[in-house]
Amino acid sequence: MSWPASFRTAARYTWTRVRRSWWLPAAATGGLATGLVTVTQTVAETGAGVLQQAAQFLAFLQVGVMVLAGLAADPERDEDSAAVLWSWPVDKAALVLGKFAGTAPLALLAALGAVVPPAVRMAILARSAGLPWGYVLAEWGLLTLWIVSGALWAGVLGGALGLGLRGLPLFAAILATWLAGLVGPYVFQSLVRPFIPVAWLLQWTGSGMLPGDWQDVALAALAEDVPLFVAHRVLYLAAAGVVVVTLALAYRRRRWVKTRVRWGLRMTAAALVLLTLASSAGFVATLYAQADAARAELLHYARNGVASLYAGPEPDPAPPFAISRYELDVDARRAPEVVVHARLRLENRGREAVEDPVLTLRHVFTVTRLQVMAPGGDAVRWSQEGDVIRIQGLVLPPRGAATVALSYRGRVDQWLLPFEYPPVRTAGMTIAPPPMRGAQVGPASLSLPPSYGWYPLPGAVTLARVLATHADPDGGGQEVWWFGEGPDRTSADVIRWAGVAAPRPPYVPESLRASFQVTVRHAGRYPVLSNLQTVERPWGPVTVMRGTTAFLELVGGHLVQANDSSAEIWYSPEDLGSRDDALRWARDLVEAYRWVGRTVRPRVVTLPPGRGDAHWVHLDPDTGTVIERGSNILVPQQVAQAVLYGRREVAGDAEGCLLAVLADVVGASSGRTPAGPPFPTPGGDAPTAPGAGGAPPQGPCENLPNGPRYEEVQRWLLGTPRSEVTARLSRLRELAARRPLTAADLREVMTR
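For the sequence shown, this note's numbering assigns the number 1436 to the initial residue and increments by one for each residue that follows.
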C-alpha cells in the first residue's frame, strides 16, 4: 500500500471509530459546557475580559480533550482490525499521522463548543457599545486562536500518550502531564527566579498574561501586547506539530517508503522546530526587553540607595524658583521616540538671588540644545547628569526672571516590572508589589504622567525610588526590591508634587501653578488629551492645549467622547460602565464647584487598564479634570476635599467636619448618597440619634471643641440662601489654601 493510501486508511479508520463512539458527543458537550461556564461565571463587561475568562477555563477543556484523544489514539482498542492495520508492511509514519488526523476533530469540536458562547457574549458587548464588526472580528480571531491552539495541543499530547498506554496508566499519565503544564512553570519560576516571567511562556493556557476579567480591560488597551499573545499561541500550535511529526518519524519503517517522503517529513519537522523556536524566542525577547528596561530604571535609581518599605521618603528641597510659563512642542509621530522643543519662563519670587538653577528632566531624554534668552545668555553653560540639568552661569535676581529654550529627545519605551523583580533572593513569603508599567508612547496609546519628568520641572525632584523589604520582620534574609514611582498625592488623589517626595513646609503649592501652551504632533490614530482647560483637535494630527494649573499630564488611547452638556467625558467604547460612572462623578464635581462659587465643565478621562497597569486616579482641582485608569474614580468626600482644599491634605477636625457635611450634601444633590443625619426644621428641636439614654450622635464634628455640630453645619448649608453660602465657602477655600481651618473659622462664616 502506498504512503498516501496508508495515511488515508488510518485517518478514515480512526475517524470511523471516533464518530461511532461516545467520544464525539462528549467532546461537543464538554466544549459547549466549558463555553457556557465561561460566560456565566465571568463579570467581564468587555471582550478582552471574556477572553481572559475563556483562557481560565481552557484548562478544564484541555484535560477533557486529552482523555478523549488518548482513548481514540489507542492502536488496539476494541477490534482485531486495528492490530491488522498496524501490522502492514508499510511506513508506519503514515499510520501515526493518520491516527492524529482522525482524532483531531475531537479537539476541534470541543474547541468550537468552547468558543461559541464567549464569541456570542463578545458580539453582544461590542455591538451594545457601538463597536464596528471589524473590531468584533479581531476579538473573535484572538479568542479562536487561543482556544483552538490550546485544544489541539491538548489533543496531541493525549493522543501521544494514548499511542503507548492503556487503562489506568494512561489516565495517570494524562493527569501528571496536565498538572505539569499548569503548575510546573510556576514551580520552575519560583525555584530559578529568572529575569522574565517564564511561567507565561510555558503555561499551556496562557491565562497569566491577561488581566483579570473583573478589571474591564479593553482589547485596545492590550493592543501593544497582541503580538506577544499571538506568538504564545503560535508556539503551542507549532509545538503540537513537532510532537506529531516526531512521533511519526519514530514509528517509521524504511521499507516501501520513497526517499522524498522521508525527506518531506524531516523538512516538515525542521520547519516546525524553527517556527517553535522563533515564536518562543520572539516571546522571550519581547518580555526580556520590557523587563530589562524596567531593570535599567530600577538600577539607575538604586544608585542613590535602597529605601526601606517602611521608611517614608526624604522630602525634596523646596524649589528656589518657579516656572510660570511653559511652551511645549511635543512630537510623538515616531513612537516611542519623543522630541520636545520647550520655552520656559523662570521666575525668582524670593528675596535672594538664585544662582545656577537646576531643572529636573527624566534621564532617558538627551538635551540637544539649551539657550538662555537674556542679555549675556551666550555665556551660560549647562550640564546634564541623570535627572538633573544644571544651568551654570545663570543668575536670577530677586523678583527677576529669565526665559530658557531647550530641545531634547528620547525613547519612552513600554516596560513591565514583573512580580519580584529583579530576581528575589529570599527564603520565605514576602510582600510583593503588583506588576506595573512605566510611561510609554506607542502606536496605540500614550501615557506621560508629570511624575515621569517628561517636561522640565523646577528644582531637584525625586522622580522614582527603589524600595526594599526583608523576608522576616527582624531584618534577616535577603532583600526584595521593587520600584516606587508616581506623584505625591493627597488622599483625594490630587497631585501636589510631581515626584514621589513632597517638600516640607514652607513649600507653597500655589507656586507650582503655571500657564501652559502645548502643541502635540502625533499620528492621529487615537485622541490625545490632558488636564488643561482647553484641548483643540484631540484626534490630531496637531493637537493644541492651553490652561493654567500646577502639573501637566498627557494621555491617549482608544477612547470616544460622550456628548453631555455638563461635562466632557472620554471613555473606552468597550466599557459602557465607565461612561456611566464618569457621568455620575462629573455631576459631583459640578455640584462641589458650585458650592464654592465656581462654574466648571469637568473633563473625566477613563482609561482602560492594560496588562500590568495599576489603578490610579489623578484629579486636578485647578481645571476640574479627572484622569483615571481602571474605573476607580473618586467618592463624594474625595471630590469635596479636592475642591475645598486643593493640594492640601485635611489637617484638622474643623476641616474634617466641614468636609464630611459638604460631601454628604454634594452626594445628595447629585443623587449619589443620602443627605446624612436629618437636620431640624426651623423652630424645631434637634433630633436625638437612637442609642442608650438618647446619647448624642457620633460623627466627624462631635470632637470639635467649641465648634458646630454636624446638624448645625448641614442646616446652615441647606437653610441659608445659596448665594450667601457660596460666598462664605469661597472665602473659606481661599483661607484653607494658606493654613488649616479652625473651629472659630467655621463659627465665623456661619454666624456672620
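For each residue, glycine too, the CB sits at the ideal point set by N, CA and C.
Source: prediction; values computed, not measured.
DSSP-derived helix/strand/coil call for residue i
| i | result |
| --- | --- |
| Val1669 | helix |
| His2053 | strand |
| Gly1533 | helix |
| Ile1631 | coil |
| Arg2033 | coil |
| Tyr1761 | strand |
| Phe1623 | helix |
| His1735 | helix |
| Leu2139 | coil |
| Ala1937 | coil |
| Thr1795 | strand |
| Tyr1843 | strand |
| Glu2084 | coil |
| Phe1918 | strand |
| Arg2150 | helix |
| Pro1891 | coil |
| Leu1883 | strand |
| Arg1454 | helix |
| Glu2026 | helix |
| Leu1805 | strand |
| Trp1974 | coil |
| Leu1614 | helix |
| Gly1565 | coil |
C-alpha gap between residue i and residue j, whole angstroms
| i | j | result |
| --- | --- | --- |
| Thr2161 | Asp2016 | 27 Å |
| Ala2171 | Pro2056 | 14 Å |
| Glu2009 | Leu2042 | 11 Å |
| Pro2143 | Ala2098 | 17 Å |
| Leu1670 | Val1453 | 28 Å |
| Gly2102 | Ala1726 | 43 Å |
| Thr1469 | Arg2022 | 42 Å |
| Pro1868 | Trp1450 | Low confidence applies here, because Pro1868 scores a pLDDT of 49, under 50, leaving its location unreliable; read the following figure in that light. Computed Cα separation, rounded: 51 Å. |
| Thr1538 | Asp2048 | 41 Å |
| Pro1940 | Thr1795 | 20 Å |
| Glu2063 | Leu1657 | 17 Å |
| Met2185 | Arg2029 | 18 Å |
| Ile1582 | Gly1821 | 47 Å |
| Ala1489 | Val1627 | 29 Å |
| Val2031 | Arg1816 | 47 Å |
| Ala1895 | Ala1753 | 8 Å |
| Pro1764 | Leu2152 | Sequence inspection shows Asp at residue 1764; the Pro mentioned does not correspond to that position. Cα to Cα, Asp1764 sits roughly 46 Å from Leu2152. |
| Ala2179 | Thr2060 | 32 Å |
| Gly1812 | Asp1751 | 29 Å |
Test item: CB-CB of residue i and residue j under 7 Å
| i | j | result |
| --- | --- | --- |
| Val1678 | Ala1561 | no |
| Ala1589 | Gln1497 | yes |
| Ala1683 | Ala1528 | yes |
| Ala1936 | Thr1897 | yes |
| Pro2175 | Ala2095 | no |
| Trp1916 | Val1929 | no |
| Ala1611 | Leu1600 | no |
| Leu1605 | Pro1620 | no |
| Ala1558 | Val1550 | no |
| Trp2005 | Val1953 | no |
| Arg1956 | Val1977 | yes |
| Gly1982 | Tyr1961 | no |
For residue i, the residue or residues it bridges with in DSSP
| i | result |
| --- | --- |
| Tyr2006 | Val1995 |
| Trp1850 | According to DSSP, which records beta bridges pairwise, Trp1850 is partnered with nothing at all. |
| Asp1923 | Trp1932 |
| Leu1831 | Val1789 |
Closest residue to residue i among the options (Cα-Cα distance)
| i | options | result |
| --- | --- | --- |
| Leu2024 | Val1453, Gly2081 and Ala1757 | Gly2081 |
| Gly1533 | Ala1611, Arg2029 and Tyr1686 | Tyr1686 |
| Ala1770 | Glu1782, Ala1504, Val1953 and Val1847 | Val1847 |
| Ala1536 | Phe1756, Leu1672, Ala2027 and Val1591 | Val1591 |
| Val1633 | Thr1640, Ser1642 and Phe1623 | Phe1623 |
| Pro1882 | Trp2051, Gln1806, Arg1443 and Asn1739 | According to the sequence displayed, residue 1882 carries Ser and not Pro. Looking at the Cα atoms, Trp2051 is the closest of the given residues. |
| Thr1838 | Arg1780, Gly1593, Val1665 and Arg1443 | Arg1780 |
| Glu1659 | Ser1456, Glu1787, Gln1875 and Asp1764 | Gln1875 |
| Glu1920 | Tyr1448, Ala1729, Val1627 and Leu1506 | Ala1729 |
| Leu1852 | Leu1947, Asn1783, Ala1724 and Thr2177 | Ala1724 |
| Val1793 | Val1773, Val1830, His1776 and Gly1991 | Val1830 |
| Leu1578 | Leu1892, Leu1486 and Arg1778 | Leu1486 |
| Arg1784 | Ser1946, Val1802, Leu2139 and Val1765 | Ser1946 |
Contact test: residue i Cβ vs the ligand GDP heavy atom, cutoff 6 Å
| i | result |
| --- | --- |
| Trp1575 | As far as ligands go, the structure on display features none, and thus does not contain the ligand GDP. |
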